[in-house]
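Take the sequence shown: its position 421, counted from the start at 1, is 421 in the UniProt record's numbering, and no numbers get skipped. We put the CB at the ideal spot given by N, CA and C, even for glycine. Below you'll find the structure, written out as structure tokens, and then a few comments.
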Amino acid sequence: MFRILLIDDEPMIKIGVRKLLEDTDYIIAGTANNGMEALEYLKTNSVDIIMTDLKMPVMNGLELIHRLNALAFDGAILVLSNYSDFDLVREALTEGALDYILKTDMTRSRLLKYLEKISQSLCLQRKKQVEAAEQALQQEQNSQKLLFAEMERALFTDGALSASTQNFLTNGRGSGAQHGMMLIDLSSAQAQHQKPLLRQFQSILPEILSGAGTIQTIQPQQDQLLCLFFHLAGPDILQNRSRQLLRQAEIYFKAEPAIAIGISPADGGISSLRACFEKCQNALRHAFYLPDTHLFPTEKFSSLQEENPSLYHDFLEKTVAACQSRLSDAALTEIRGFLSVCAQNRYDPDWVRSCCCSCMEHLLLSLHISLGNTAAVLMKQLKSAWNIDTLQTTLIDGLFEFVLPDSSLNVSSKKEVSSALAYIDGHYMEKITLEGLAEHVHLNKSYLCRLFKNETGLSIFHYINQVRMKKAAQILADKSASHSVSAVASAVGIDDAFYFTRRFKEYFGKTPREYMQETAADTQ
């Protein structure tokens, strides 16, 4: 369908034309009595074809055509004329009207013939416009692709930029324009999950980042995604989009990455972008000490402290001495103390990991312990520990597994074990993990297991099962209500009824149903 604006000060002409075009592909979308009314109509409406008289009050057809040219009207103009209007028609055609039709010769077939000719011309014109726009867009995309490829190389290789790329960087859109970076880090995820997670993040980025400016995405490392934003008006948009990304990631992927945000002035060129990227990398390193923090603006998280050799040598000397004397508590105190000081001063995580590796190597050498390939695995675990808690756990686990496997723990206080017992007694109906229990009592899980066994004579999981079986027996002995085996199992924190039945029989020598029947018979 083609929309037509009909302009004529004679009512009969408007009525007649509307009648001629009934049941055709051409509809009269609007009418006007003169050029001024037509311009008002076009402010809020779009049409494909304008049919206009030339002689009208207020604003005639020629003046209207001039105004339409100034407004870059992209439709077609068909002039309605009389025999006496020949000079005006010729001027109208010169000014851009596509054709003219005499009012006196206007019939349905003749009018449709003119309109079909005009509509074909209009379709051809618009097809060319679309093709030209697509070609221009493709050229722009190709140019931008080359520009970003050059910029990526320069960002990571210290290379120089061409004049056009440098001009793109340094000519901001308006005063105060800035470039921005969002560095997404997934190193906390397990290695086998990093690649799928990166793909998932890439799938939601376009929607979340739309409208934030010109964006380029780069993968600088296997577990990182870098989003470059060009010509930002300010940093707030990056903060907001980063928080939105974290919310979406938690909802859809059940994973929250660490995200560093950096802002760079537009007039600094590639050098300022390099500096900004380094700041983002440094900001992310703070995640080693703050595993529950996910957003790291560079202005808040600056560089970390450098090495402290005297701190390390003191830690190494005292830890080796404690292990040589089989004083496990003293060794634990030194490890915790060293890592606590590192956390307070925010020393470089790579240096802290290196210290822990070196300490373990010295312990193995000084105590003449040979682990073969196991030592290499342990060192790899220490070097790849993504946060300080994981590093401490790995180091202490290695200490008790390889250095002090048979050490007796001289624990002066039973507070931690008592706290663990109370927690189990109060949460037996829930899922209890060793990690969660160790976190609750603020101990390393390997150390907690040793303390617990030393104080109670039972392993932690043996005690948990013991509590659950006793509680289950109490429920089964209650005659005030009937109980299904699965319901009792669920009530004591066990999802699998078959597993519950097997454990119950191991503990009481009979199945839950047999136990229930016997207790019922005893009360009769």
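> Rounded to a whole number of angstroms, what is the C-alpha to C-alpha distance between LEU20 and LEU115?
Replying inline: 12 Å
> Which residue from LEU284, PHE315 and PRO405 puts its Cα closest to that of ASP185?
Replying inline: LEU284
>> Output needed for ILE251: all residues of its chain with C-beta closer than 6 Å, excluding positions within five of it in sequence on either side, in chain order.
In response: none
> When DSSP labels each residue in this structure, what does ARG326 get in the three-state scheme?
Replying inline: coil
>> For ILE13, which residues in the same chain have their Cβ closer than 6 Å to its Cβ, ignoring the five residues on either side in sequence?
In response: none
>> Rounding to the nearest angstrom, what Cα-Cα distance links LEU111 and LEU71 in this structure?
In response: 27 Å
> What are the start and end residues of the alpha helix (DSSP H) that includes VAL79?
Replying inline: From DSSP, VAL79 is part of no alpha helix (DSSP H) but of the beta strand (DSSP E) over 76-81.
> Looking at the unbroken beta strand (DSSP E) that takes in GLN216, where does it start and where does it end?
Replying inline: 214-218
> Considering only residues of the same chain and omitting the five flanking positions on each side of THR501, which have a CB-CB separation below 7 Å?
Replying inline: VAL485, THR511 and PRO512
> Across which residues does DSSP place GLY100 in a beta bridge pair?
Replying inline: Here the sequence assigns Tyr to residue 100, which means Gly is not the residue at that position. DSSP, once it has assigned bridges, lists VAL79 as partnering TYR100.
>> Can you check which of these residues, THR433, ASN444, LYS415 and GLU435, is closest to LEU395 by C-alpha distance?
In response: ASN444
>> Assuming the contact rule is C-beta atoms closer than 8 Å, VAL58 and ASN34 should be a hit. Round their C-beta distance to whole Å, please.
In response: 4 Å
> DSSP three-state call for TYR463: helix, strand or coil?
Replying inline: helix
> Just checking my contact of ASP348 with LEU304 at CB under 8 Å: how many whole Å lie between their CB atoms?
Replying inline: 5 Å
> Per the contact definition of three or more C-beta pairs closer than 8 Å, is the stretch 381-397 in contact with the stretch 195-207?
Replying inline: no
> Could you give the C-beta distance for residue 528 and ILE28, rounded to a whole number, given that I count them as a contact under 8 Å?
Replying inline: The chain is shown from 1 up to 524; residue 528 falls before or after that span and cannot be answered.
>> Assuming HIS427 is part of the alpha helix (DSSP H), what are its boundary residues?
In response: 415-427
>> Between which residues of its own chain and ILE494 is the CB-CB distance below 7 Å, once the five residues before and five after are set aside?
In response: ARG468 and PHE500
> For ARG513, which three-state DSSP category applies?
Replying inline: helix
> According to DSSP, what are the bridge partners of ILE27?
Replying inline: ARG3
>> Checking the sheet assignment: what are the DSSP bridge partners for GLN305?
In response: TYR347
> Between which two residues does the beta strand (DSSP E) harbouring PRO297 extend?
Replying inline: 295-297
>> If I follow the unbroken beta strand (DSSP E) through GLN224, where does it start and stop?
In response: 224-232
> Nearest-angstrom Cα distance between GLN216 and PHE230?
Replying inline: 9 Å
> Would a check of beta-carbon distances place LEU68 closer than 9 Å to chain C?
Replying inline: Note that chain C does not occur in the displayed structure, where there is just one protein chain.
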